[in-house]
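*Asks:* Have a look at this one before I ask anything.
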Amino acid sequence: MRVGRVSWGLVSVGLVSFGLSGLLSVSAAREALAAEDPPVPEPPSTRRSGLTIGLASGLSIASASGYPNDVAQIDVAEFEASTGTGASLGTAIWIGGALADWLTIALGYQGAGFSGNGLDASGGSLHVRIETFPLFFRGGAWQDVGLSLFAGTGNYDVKRADATVAEGEGTSLVGLGAFFEPWQFWQLSTGPDITYTHQFSRSLTAHSLVIGWRLAFYGGP
Numbered sequence: 048m049r050v051g052r053v054s055w056g057l058v059s060v061g062l063v064s065f066g067l068s069g070l071l072s073v074s075a076a077r078e079a080l081a082a083e084d085p086p087v088p089e090p091p092s093t094r095r096s097g098l099t100i101g102l103a104s105g106l107s108i109a110s111a112s113g114y115p116n117d118v119a120q121i122d123v124a125e126f127e128a129s130t131g132t133g134a135s136l137g138t139a140i141w142i143g144g145a146l147a148d149w150l151t152i153a154l155g156y157q158g159a160g161f162s163g164n165g166l167d168a169s170g171g172s173l174h175v176r177i178e179t180f181p182l183f184f185r186g187g188a189w190q191d192v193g194l195s196l197f198a199g200t201g202n203y204d205v206k207r208a209d210a211t212v213a214e215g216e217g218t219s220l221v222g223l224g225a226f227f228e229p230w231q232f233w234q235l236s237t238g239p240d241i242t243y244t245h246q247f248s249r250s251l252t253a254h255s256l257v258i259g260w261r262l263a264f265y266g267g268p
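So the sequence shown is numbered by my numbering: it starts at 48 and just counts up by one.
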C-alpha cells in the first residue's frame, strides 16, 4: 500500500508540473504576440481637434413669469408677474476643447433681455456645453450636423420701471440645440443654429427659443 501511495504521489506531482509548464508556455506565447503586435493607434482627427471657441446669436422668442424672491409672496397670485411673449437678440459664447471629430466640451455664457406686458426681463447663465456630431462617421455633409446640450446656473429678473417684480437667484438652466456648420474657411466653421433654453427656480420660470447663426473656431487638425 505504501508503494502505491508513493507511485500515485509521483504521478500527481508530474501532472501538476506538466500543467504548470503548459500554462507558463501559453503565457509566454501571449506576451511574445503582444510584443510583436502593439496596440493600433487611434486614427488622427480629420475635422475637429484642440481648442474650440464659439459664438451664436439670433432672434430670441422668450417669455418669463414669476414672483418676488420672498417666501411669503411666492405662489401668491396677486404677486405674480408675466411678460407674455417677447422678441429680442439672444447671444451665447463658449470656449473649450474638441475631444474628437464628433465631440466637444466647453464652458459657456448666454444672455438675453426683452420686454412684454410693460415689463422688462433679462437674464444670463454660466453653463457646461456638450456638442456632438452623432452621424459623423457617415461622412459628407453629415460630419457637420450637430446637437448641443447644456446645463448651468444663473440669474433672471423681471422689472417694472426700476422695481423688481419677479426674481430668480441661482436659477437652474437646461438647453438643447441643433445646428449645421457646412461652410469652412481657415479654422472657422459657420452655419444655422436653433436652441431652446429653460431657466427656472422656485420663484421664476423663463423660456427662450433662439433661431440664428453660429461661428466656431477649431484649433485642428
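Each residue gets a CB set at the ideal place from its N, CA and C atoms; glycine is no exception. Treat the numbers as computed from the prediction; the structure is a model and nothing was measured.
How many Å lie between Gly133 and Gly160 at the Cα?
*Replies:* Approximately 9 angstroms, taken between the alpha carbons.
*Asks:* In the DSSP output, which residue or residues are listed as bridge partners for Arg261?
*Replies:* DSSP lists Ala103, Gly238 as partners of Arg261.
*Asks:* Gly224 and Thr252 - do their beta-carbons sit closer together than 8 angstroms?
*Replies:* For Thr252 and Gly224, no; Cβs fall outside 8 angstroms.
*Asks:* State the DSSP-derived secondary structure class of Asp191, mapped to helix, strand or coil.
*Replies:* In the structure shown, Asp191 sits in a helix (DSSP, three-state: H, G or I).
*Asks:* Taking C-beta to C-beta, are Gly217 and Thr237 nearer than 8 angstroms?
*Replies:* No, these two residues do not count as a Cβ contact at 8 angstroms.
*Asks:* What residue range is occupied by the uninterrupted beta strand (DSSP E) comprising Trp233?
*Replies:* No beta strand (DSSP E) holds Trp233; DSSP gives it neither H nor E.
*Asks:* Any idea if Thr151 is buried or exposed, counting beta-carbon neighbours within 10 angstroms, 16 or more meaning buried?
*Replies:* With 16 or more other Cβ atoms within 10 Å, it is buried.
*Asks:* Could you give the distance in angstroms between the alpha-carbon of Asp117 and the alpha-carbon of Gly267?
*Replies:* Looking at the two C-alpha atoms, the distance is approximately 50 angstroms.
*Asks:* Quick check: what's the CA-CA separation for Gln231 versus Gly163?
*Replies:* Distance between the alpha carbons of Gln231 and Gly163: 38 angstroms.
*Asks:* If you draw a straight line from the C-alpha of Gln234 to the C-alpha of Ser255, how long is it?
*Replies:* Their Cα atoms are separated by approximately 30 angstroms.
*Asks:* Do you know whose CA, among Gly101, Asp167, Gln157, Ala124, lies nearest Glu130's CA?
*Replies:* First, the residue type needs correcting, since residue 130 is Thr and not Glu in the sequence shown. Here the closest residue by C-alpha is Asp167.
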